[in-house]
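Participant: Shown below is the structure under consideration.
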Amino acid sequence: MANGRVVQTADRTIGSRQLAALLPAEVLARPGYRALADAVRTLILDGRIALHVRLPAERELAEAVGASRATVTGAYDLLRGSGYVRSRRGSGTWTELPDGHRPVGAHAIVGGIGGRADGEPGIDLAIAAMGAPEGSLAEAFAWAAPRLPQLARSPGYHPFGLPDLRTAVAERFSRRGLPTRPEQILLTSGAQQAFSLVVSLLCRAGDRIVTENPTYANALDALRHARLRTGSIAVSDAGWDMEIAESTLRQTVPRMAYVIPDFHNPTGALMPPEQRLRLLAVTRATGTWLVVDETIADIALDVPAPAPLASLAPRGGADHVITIGSLSKTHWGGLRVGWVRATAKMIAELTAVRVSADMTGSVLDQLVALPLMDDMDRALPARLAQLRIQREALVQALQRHTPEWSWRVPPGGLSLWVDLGEAVSSALAERAAAAGVHIGRGARFGVDPGTFEHRLRIPYTLSADRLDEGVRRLAGAFHDGIPLPSAVDRPHWVA
Ligand SMILES: Cc1ncc(COP(=O)(O)O)c(C=O)c1O
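Right, dumping it as structure tokens:
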């Protein structure tokens, strides 16, 4: 399907046991039809059951949840009446969103932030990245300056990347437990270009791929532009739904799966080792390219930085894994230095695509990146300490100004995935903009339009006082006396 939407197919199913496992304990303890309908509706709105997924037959679900068939029939009737499922005689019941829901257009999380009408400066809470560490860029430039003239004698085209930096990136992978040769590295203009190149090389319009849901908004946009058919793996505060992920992968046999296992953007979740192994095994079995985005892996605040996911694969079992990363979170997004790690053959193929896109990366940026890369392990602790302080400041600001919202403090990463308790995040983001706050509303991170409307992603990448001011303004917009319009009309259950 064109028109910029992620294409959905109606050929995925959720089993009765899988659905039962997603239901809250209180619903399973007393499975009334209203409670069951309410729980399924919440799972749909929260992206934990994707749209256009076939629900289990009534009899099977009744058995799995220990309810009467009439209870499930009643629940499905309610869901149908309120537009959350659609049934066709003889072929089943699928998840949907009601016609009245208001999906919001995709706007990239980029661009400046206007101030308030009264001249107060704006606060950008849409970007989960920090400024460069104090002093380090200037030192790196000073190191690079005398080395530039020699490099400048050549034409300056290095499509694979500056050789010394390729070596440095490969060595860092090796030190972190994934032996890597420089030929296995392509240097790119950030992780975003790395991802776009991988998608261009591997996928054709109409191919099936799988991403987490929610996931990194700009990756979703790249997939939309490539017109891929996107299936999803739910990630919630409780982590990955690996059983459903495995069955989705086996059912749809996608060309590519894209995951952010380390301090996942936006939830901050960290994938446990056992799930990493399962993901490696199932993608290998289905012949799916596994694209692992490790851009945030080093922002490990409460736990040691995880080893590269591909390092867990049995010997020779990681050729289908493509790892991407960058210096944007550890150092600075303004330095456009990222990479892809894959087999040497794939790196050569990706480089051919890169030449058609932008020929080569900036020699200057890569030269400056060299000392930063070498110094990373020494410099990182100070940055992480600063982020821990800011994370705590954000938590305190939320407790002070919006105690009715809820959140889980992630073990790393750069943001909180805040639950507003109501599906008003797009309306709130719009109102907040008038108050000079730019914020990533939940729907930007959802595979299906109209989902995650009760979530906001709030990064803790600003100073404590800016965070407090930003949350104060958000709270002002939230409590402003005029109710925020809900993106999803609440169903009026009638019986
Ligand atoms: C998960 C993830 N991948 C990729 C990127 C893009 O990073 P880069 O600036 O290296 O292109 C980001 C930046 O926010 C990110 O969070």
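Numbers in this note's numbering are just positions in the sequence shown, counted from 1, shifted up by 9. No residue lacks a Cβ here, since even glycine has one placed at the ideal position from N, Cα and C.
Exposed or buried, what is Met368 when buried is set at 16 or more other beta-carbons lying within 10 Å of its beta-carbon?
Facilitator: Result: exposed.
Participant: Mind listing which residues have their beta carbon within less than 7 Å of any non-hydrogen atom of ligand 1? Chain order is fine.
Facilitator: Ala137, Ala138, Gly199, Ala200, Gln201, Gln202, Phe204, Tyr225, Asn227, Ala228, Ile269, Asn274, Asp302, Thr304, Ile305, Ser335, Ser337, Lys338, Gly342 and Gly347
Participant: Is it buried or exposed for Asp307, if we count other Cβ within 10 angstroms and need 16 for buried?
Facilitator: buried
Participant: Mapping DSSP to helix, strand and coil, what is Thr80?
Facilitator: Here Thr80 sits in helix by DSSP.
Participant: Could you give the DSSP three-state label for Val330: helix, strand or coil?
Facilitator: strand
Participant: Please work out which residues of its chain come closer than 8 Å, Cβ to Cβ, to Pro281, disregarding the five sequence neighbours upstream and downstream, and give them in chain order.
Facilitator: Gly248
Participant: Between Ala179 and the rest of its own chain, which residues show a CB-CB distance below 7 Å, the 5 nearest in sequence each way excluded?
Facilitator: Counting only Cβ-Cβ distances below 7 Å, and skipping sequence neighbours, we find Thr189, Arg190, Pro191, Gln193 and Ile194.
Participant: Return the CA-CA distance between Val591 and Arg481, expressed in angstroms with no decimal places.
Facilitator: Outside the modelled stretch of the chain, which goes from 10 to 504, sits residue 591, for which no answer is possible.
Participant: Give me the Cβ distance between Leu37 and Val81, rounded to the nearest whole Å; I'm assuming they're in contact under 8 Å.
Facilitator: Contact between Leu37 and Val81 fails: their C-beta atoms lie close to 13 Å from each other, not under 8 Å.
Participant: Given a cut-off of 8 Å on the beta-carbon distance, is the pair His516 and Trp298 in contact?
Facilitator: The shown model of the chain, from 10 to 504, leaves out residue 516, and the question about it has no answer.
Participant: Would a C-beta distance cut-off of 8 Å place Ser440 and Phe454 closer than the cut-off?
Facilitator: Going by the sequence as given, residue 440 is Arg instead of Ser. Contact: no.
Participant: Indicate the three-state DSSP secondary structure (helix, strand or coil) for Pro468 in the structure shown.
Facilitator: Reduced to three states, the DSSP call for Pro468 is strand.
Participant: Please confirm whether Ser96 and Glu69 have their CB atoms less than 8 Å apart.
Facilitator: Not a contact, by the Cβ cut-off of 8 Å.
Participant: Let me know the secondary structure DSSP gives Asp302 once reduced to three states.
Facilitator: strand
Participant: In chain order, what residues of the same chain have a beta carbon less than 6 Å from the beta carbon of Ala319, not counting five sequence neighbours either side?
Facilitator: Leu187, Ala327, Val330 and Thr332
Participant: Based on the DSSP secondary-structure assignment, which residues constitute the bridge partners of Val427?
Facilitator: Leu465
Participant: Under a three-way DSSP split, which group does Arg63 fall into?
Facilitator: strand
Participant: Measuring alpha carbon to alpha carbon, tell me which residue in Arg213, Pro323, Ala30 and Gly422 is nearest Glu138.
Facilitator: According to the sequence displayed, residue 138 carries Ala and not Glu. Per the Cα distances, Gly422.
Participant: At which residue ranges does the segment 234–270 contain complete beta strand (DSSP E) runs of 3 or more residues, listed in the order of the chain?
Facilitator: 238–245 and 265–268
Participant: Could you pull out every residue in the same chain whose Cβ sits closer than 6 Å to the Cβ of Val119, ignoring the five residues on either side in sequence?
Facilitator: At Val119, the pLDDT of 41 sits below 50, so the modelled position is not reliable; the number obtained from the coordinates is stated separately. Counting only Cβ-Cβ distances below 6 Å, and skipping sequence neighbours, we find nothing.
Participant: Quick check: the segment 349–364 against the segment 148–160, are there 3 or more CB pairs under 8 Å?
Facilitator: By the C-beta criterion, the segment 349–364 is judged not to be in contact with the segment 148–160, since fewer than 3 inter-stretch pairs fall below 8 Å.
Participant: Is Ala309 helix, strand or coil by DSSP?
Facilitator: strand
Participant: Starting from Glu221, follow the beta strand (DSSP E) in both directions and report where the run begins and ends.
Facilitator: Arg217 to Asn222
Participant: Under the three-state reduction of DSSP, which class applies to His488: helix, strand or coil?
Facilitator: coil
Participant: In its own chain, which residues sit with a C-beta less than 6 Å from the C-beta of Ala366, not counting the 5 before and 5 after it?
Facilitator: none
Participant: Is the segment 368–386 touching the segment 165–180, taking contact as three or more C-beta pairs under 8 Å?
Facilitator: yes
Participant: State the Cα-Cα distance for the pair Phe487 and Arg464, rounded to the nearest angstrom.
Facilitator: Looking at the two C-alpha atoms, the distance is approximately 13 Å.
Participant: When the Cα of Gly170 is compared with those of Thr470, Ser371, Arg475 and Ala391, which residue comes out closest?
Facilitator: Ser371
Participant: From the DSSP output, which residues share a beta bridge with Gly421?
Facilitator: Gly421 is bridged to Ala309.
Participant: Sort out for me which residues DSSP pairs Trp348 with in a bridge.
Facilitator: Note: Trp348 sits in a beta bridge opposite Leu196 and Gly334.
Participant: Out of curiosity, what's the CA-to-CA distance linking Arg264 and Ile218?
Facilitator: The C-alpha of Ile218 is placed about 5 Å away from the C-alpha of Arg264.
Participant: In whole angstroms, what separates the C-alpha of Gln27 from that of Pro168?
Facilitator: 47 Å
Participant: Hey, Gly215 and Arg236 are a contact pair by Cβ (cut 8 Å); roughly how many whole angstroms apart?
Facilitator: Between Arg236 and Gly215 the Cβ distance is about 7 Å, and since that is below 8 Å, they are a contact.
Participant: When burial is assigned at 16 or more other CB atoms within 10 Å of the CB, is Tyr85 buried or exposed?
Facilitator: buried
Participant: Which class does Val377 belong to by DSSP, given the choice of helix, strand or coil?
Facilitator: helix
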